[in-house]
Every structure is written in C-alpha cells, then in structure tokens.
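In what follows, a single structure is set out as structure tokens and then discussed.
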Amino acid sequence: MAPITTLHYLVVAAALFILGVIGVLTRRNVVIILMSIELILNAVNLNLVAFSRMWGLHGQVFAIFVITDAAAEAAVGLGILIAFFRNKETVNMDEVDLLKW
Amino acid sequence: MHLILFLAFGAVCVAGAVNLLVQKHPINSALSLVVVMGSLAAEYLLLGAEFVAAVQVIVYAGAVMVLFVFVIMLLNAGEEEETKGSRVAMIFGIPGMLVGSLLIAWVLIEHSGNKSLAAGALPGPPKTIGWLLFHDYLLPFEVTSVLVLIAIMGAVVLAAAPASAGGRKD
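Chains as they are written, first to last, in the working numbering: chain A, 1 to 101; chain B, 1001 to 1170.
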C-alpha cells in the first residue's frame, strides 16, 4: 500500500483552507463567517503539524500557539457580535455599517 | 491501515467543512464544525502529535464550539436570508477561484516533498513539547498569556450590558 506523504496532508489542508475562504466570502451570517475563519486556522494547524513530522517539534508548538490565538479571536469576535446585535438586532454581514461615514 | 484511517478521517473532515457551508441554519454549521475538529484531532493522532490532538479536542471541540453554540442560542439567529448573487461576483469570483485553486494545486505538486510519514514512533510526547514551550518559546508563551488576558477583558467589556445614561453603575 502506498505510504502517506506530506502531500496528502497538504491536500486536505488546502481543501479546508479553500472551503473556509469560500465561507468567508459567500455567507451573510457573521457567526458562520467566524466559523469559516476557524476552518482556515485549522488548515494552517494541519500544515504545521504535518511539517513538524519532517522538521522537528517546533511546528507542534506553533500549532498550540495558533489554537490559543484562535480561542482569543473567537472570544473577542463573538463579544463584538453580541455588542453589534444589541445595537442593530441583526447578524447579517452586509448590514454591518456602523463605521460607514 | 494508516492510509485507510487517513483517507477516512480526511473525507469526514472535508465533508464536514462542505456541510458547514451548505447548511442554512447556524446551529447545523456549528455541529458540522465539531465534526471537522474531531476528525482533525484524529489526523493529528495519525501524525503522532498526541498532545496537539488532545488540545484540539479540549480547546476547539470543547471550549470554542461551546462559545459558538452559546452565542447562536443567545442571539436566536434563524435561517440565513438569501440575496440575489451579484453579477460582478459571478464574473470575477468563479475565474478567480479557478485560478486560485490551480495555483495552489501547482504549488503543491511542484514544491512539496514526498517524504513518507510512517505511522508509529510518536514524536510528539507532551514532555518534549512542554520543555520546548517553557524553554525555547518562553517569551512567546508569556506574550500569548498576556494576549489571552487582554482578549478576556475585551470580551467582557464588549459583551457586558451597556452603561446606563448616568455612567456605569459600579
């Protein structure tokens, strides 16, 4: 049976990344856009861990940092979303125009 | 066996991601994101990164997704309303997506090593990662802890009830 190469993991990560970008660009709901951003960060993590198999453990440490930052980003993003919902009663991305002049 | 597990979890992962985009209701998207996180943890296990897999399950599938589901329930966000797609997006988006996908495929084919990643001989025990984290990466670790602290305070300030007209009541 053919062995698994780094390329296999990179293909899965690229698929996740592209799906995340499509989600960010096409959906209207801010919650789903935030979830697509998590998808992109997960694709990066998969790449880091796959490369750490070749280049030592530093990639895994970076993956842990990325997970921490993603948690912080989710907390702040959802906090902004709640504050926004309190003002405008909507979660649609195209109605976020509070900063528009 | 390794290849079969990899293909199975990779397929589940990508299928969950597609389902996340297809579903209209945010709660269904959140649950398929949990599936994606879980199968990614299995992929990390296949790569021998046991500590990262555990952190993935605890932090992502546990904490972050609970936060998402909580906010979805709190906002009572219903199904997404559709709008008519704009022509400009169709004209530029689809060729742009094709070009981007081809570019990524070309980079992957041309520049990636084909070194075999054998199963077994787990290289990522928590002890080694902890040593790296508290020795080589001590400063980034401390900076990250400050970042998380700031994020917690920011989330509390943003999500707190708005101050009444006469200033905050403390």
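Where is the CB? At the ideal position from N, CA and C, for every residue including glycine.
I want to verify the contact list: residues of chain B whose CB lies under 8 angstroms from the CB of I80(A), in sequence order. Translated into positions along the first sequence, residue 80(A) becomes position 80. Residues of chain B passing the Cβ test: L1158.
Practice problem: Output yes if chain B places a C-beta closer than 8 angstroms to the C-beta of N42(A); else output no. | Solution: As a position in the first sequence, residue 42(A) is number 42, starting the count at 1. Yes, its Cβ sits closer than 8 angstroms to a Cβ of chain B.
Can you give the Cα-Cα distance for A15(A) and Y1137(B), rounded to whole angstroms? For the purposes of this step, residue 15(A) is identified with residue 15 of the first sequence, where counting begins at 1. For the purposes of this step, residue 1137(B) is identified with residue 137 of the second sequence, where counting begins at 1. Straight-line Cα distance between these residues: approximately 30 angstroms.
Using three-state DSSP, classify N1028(B) as helix, strand or coil. Here residue 1028(B) corresponds to residue number 28 of the second sequence, with the count starting at 1. In the structure shown, N1028(B) sits in a helix (DSSP, three-state: H, G or I).
#### Entry: DSSP three-state assignment for A5(A), whether helix, strand or coil
Position 5 of the first sequence, counted from the start, is the residue given in the question as residue 5(A). Note that residue 5(A) is Thr in the sequence shown, not Ala. It is a strand residue.
Review point. Which full runs of the alpha helix (DSSP H) of 4+ residues lie inside the segment 1014-1083 of chain B, going along the chain?
Key: Residue ranges of uninterrupted alpha helix (DSSP H) with 4 or more members, entirely inside the segment 1014-1083 of chain B and ordered along the chain, are 1026-1046, 1050-1055, 1065-1075.
Taking W1131(B) as the reference, which of A1030(B), F1051(B), L1147(B), M1037(B) has the closest Cα? As a first step, residue 1131(B) must be located in the second sequence, where it is residue number 131. W1131(B) has its Cα closest to that of F1051(B), out of A1030(B), F1051(B), L1147(B), M1037(B).
- Leaving aside the five residues before and after H8(A) along the sequence, list all residues of the same chain whose C-beta is less than 7 angstroms from its C-beta, in chain order. Translated into the one-based positions of the first sequence, residue 8(A) becomes position 8. Once the five neighbours on either side are set aside, H8(A) has no close Cβ partner at all.
Distance CB(I67(A))-CB(V1148(B)) smaller than 8 angstroms: In the first sequence, counting from the first residue as 1, residue 67(A) sits at position 67. In the second sequence, counting from the first residue as 1, residue 1148(B) sits at position 148. At least 8 angstroms separates the beta-carbon of I67(A) from that of V1148(B).
At which residues does the alpha helix (DSSP H) containing L98(A) begin and terminate?
Residue mapping note: residue 98(A) aligns to position 98 of the first sequence, counting from 1. In the DSSP annotation of this structure, L98(A) is not part of any alpha helix (DSSP H), being labelled neither H nor E.
Exercise for the section: Identify whether V66(A) lies in helix, strand or coil by the three-state DSSP scheme. Expected result: Residue mapping note: residue 66(A) aligns to position 66 of the first sequence, counting from 1. The three-state secondary structure of V66(A), taken from DSSP, is helix.
Q) Are the segment 53-61 of chain A and the segment 70-83 of chain A in contact at 8 angstroms, needing three or more beta carbon pairs? A) Taking a cut-off of 8 angstroms for Cβ pairs, the segment 53-61 of chain A and the segment 70-83 of chain A do not touch, as fewer than three such pairs fall below it.
Practice item. Select from R27(A), G79(A), A43(A) the residue whose C-alpha is nearest the C-alpha of M1037(B). Key: Residue numbering aside, residue 1037(B) sits at position 37 when the second sequence is read from its first letter. Per the Cα distances, A43(A).
Whole angstroms is fine: what's the gap from G45(A)'s alpha carbon to A63(A)'s? Start at 1 with the first residue of the first sequence, and residue 45(A) comes out as number 45. Start at 1 with the first residue of the first sequence, and residue 63(A) comes out as number 63. The amino acid occupying residue 45(A) in the given sequence is Asn; Gly does not appear at that position. One C-alpha to the other measures close to 5 angstroms.
Item to check | chain A contacts made by the segment 1004-1036 of chain B, where a contact means CB separation under 8 angstroms | outcome: Listed by position along the chain: F1006, G1010, C1013, V1014, A1017, V1018, L1020, L1021, P1026, S1029, A1030, L1033, V1036.
According to DSSP, which residues form a beta bridge with L29(A)?
-> For the purposes of this step, residue 29(A) is identified with residue 29 of the first sequence, where counting begins at 1. At residue 29(A) the sequence reads Asn, which differs from the Leu that was named. Answer is N92(A), bridged to N29(A).
Straight-line CA distance for P1140(B) to L48(A)?
-> As a working note, residue 1140(B) is residue 140 in the second sequence. As a working note, residue 48(A) is residue 48 in the first sequence. Using only the alpha carbons, I get a separation of about 17 angstroms.
Check your understanding: Between the beta-carbon of V31(A) and the beta-carbon of V91(A), is there less than 8 angstroms?
Key -> Mapped onto the first sequence, residue 31(A) falls at position 31. Mapped onto the first sequence, residue 91(A) falls at position 91. Taking a C-beta distance under 8 angstroms as the contact criterion, V31(A) and V91(A) qualify as a contact pair.
Chain-ordered chain B contacts of M35(A) [CB-CB under 7 angstroms]: As a working note, residue 35(A) is residue 35 in the first sequence. L1020, S1029, A1030, L1033, F1068, listed in chain order.
Separation of V1066(B) from V1081(B), as counted between CA atoms: Here residue 1081(B) refers to the residue found at position 81 of the second sequence. Here residue 1066(B) refers to the residue found at position 66 of the second sequence. Reading off the sequence, residue 1081(B) comes out as Glu, not Val. When rounded, the distance between both Cα atoms is 25 angstroms.
Check: For L1149(B), which three-state DSSP category applies?
Finding: Residue mapping note: residue 1149(B) aligns to position 149 of the second sequence, counting from 1. In the structure shown, the three-state DSSP call for L1149(B) is helix.
Open item on the list: Within 10 Å of its beta-carbon, does M35(A) have 16 or more other beta-carbons around it, so buried, or fewer, so exposed?
Closed with: For the purposes of this step, residue 35(A) is identified with residue 35 of the first sequence, where counting begins at 1. Buried, by the Cβ-count rule.
Exercise for the section: Locate the alpha helix (DSSP H) running through S1086(B), then write down its first and last residues. Expected result: The count along the second sequence starts at 1 and reaches residue 1086(B) at position 86. First-last for S1086(B): undefined, no H or E at that position.
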